[in-house]
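*Asks:* Quick one: this structure, given as structure tokens, is what I'll be asking you about.
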Amino acid sequence: MLPLNRPPLDPYPLSPYVDWAGKRNRDPLLEMFKQRLPKNEGHVLEFASGSGMHINYFAPHFQHLNFQPSDMNSEVFENIRQLTQETETKNIQPPIQVDLKEPQTWSVLNGKEFDAIFCINLFQVAPIAIADGMMECTANLLKKQWLVIHLRPV
Ligand SMILES: C[S@@+](CC[C@H](N)C(=O)[O-])C[C@H]1O[C@@H](n2cnc3c(N)ncnc32)[C@H](O)[C@@H]1O
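Position one of the sequence shown corresponds to residue 2 (our numbering), numbered consecutively onward.
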């Protein structure tokens, strides 16, 4: 049964629903990341960063890692940057525009390699075919000891 305080589902990236779901899930996700993310220096990419609430919450816990936010929608970048400034987080790069259904946008990632790539709360607002784009795009980005994590709210 769904919790009574759950706001209505709304696909807008900064909606009350996404905020509510993100805050509810971020600590269990953080615990999982503590187990799964590289223990040594490395690079981590997030797809569909939206408001940036997750990457800004996780990054301070992994000072040895460098985090790269991205989204197809550049309108969300200001919010991501603002959160990074507010939290004075030093290991988050400026956001980049990557649309998982538009391969021509992936060139911004050319020459980069990541130890882990994660994506939270995307498939419930995007066509499932986007999974093909995600796999294709990540194929050349991940180092050998790779990890792809997609998470969605329940
Ligand atoms: C529901 S929000 C989730 C945002 C964030 N991950 C979170 O959990 O708070 C979905 C995000 O996916 C992005 N998005 C939708 N389709 C996308 C695509 N084809 N490629 C990249 N990002 C996409 C939207 O712009 C939006 O920011």
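Just so you know, even glycine gets a beta-carbon here, dropped at the ideal spot from N, CA and C.
Leaving out five residues before and five after residue 50 in sequence, what residues of the same chain have Cβ atoms less than 8 Å from its Cβ?
*Replies:* So the list reads 56, 70, 71, 72, 77, 81, 96, once near-sequence residues are dropped.
*Asks:* Report the rounded CA-to-CA distance for residue 83 versus residue 25, giving the unit in angstroms.
*Replies:* Looking at the two C-alpha atoms, the distance is approximately 22 Å.
*Asks:* For residue 53, which of helix, strand or coil comes out of DSSP?
*Replies:* It is coil, neither helix nor strand.
*Asks:* Looking at chain C, is there any beta carbon in it that lies within less than 8 Å of the beta carbon of residue 99?
*Replies:* Protein chain content of the structure displayed is limited to a single chain, and chain C is not contained in it.
*Asks:* Write down the C-beta distance between residue 144 and residue 114 rounded to the nearest angstrom, noting that I regard them as a contact closer than 8 Å.
*Replies:* Sure, about 5 Å apart at Cβ, within 8 Å.
*Asks:* Within this structure, are the beta carbons of residue 101 and residue 54 separated by less than 8 Å?
*Replies:* For residue 101 and residue 54, no; Cβs fall outside 8 Å.
*Asks:* Whose C-alpha, out of 99, 66, 36, is nearest the C-alpha of residue 44?
*Replies:* Taking only the C-alpha atoms, the option nearest residue 44 is 66.
*Asks:* When you measure from the CB of residue 131 to every non-hydrogen atom of ligand 1, does any distance come out below 7 Å?
*Replies:* Indeed, a heavy atom of ligand 1 lies less than 7 Å from the Cβ.
*Asks:* Near residue 46, what residues of its chain come up, given a Cβ to Cβ distance below 6 Å and the 5 sequence neighbours on each side ignored?
*Replies:* Closer than 6 Å at the Cβ level, and outside the excluded window around residue 46, lie 69, 115, 118.
*Asks:* Report the three-state DSSP secondary structure of residue 116 (helix, strand or coil).
*Replies:* Looking at residue 116 - three-state DSSP - the assignment turns out to be coil, as it is neither helix nor strand.
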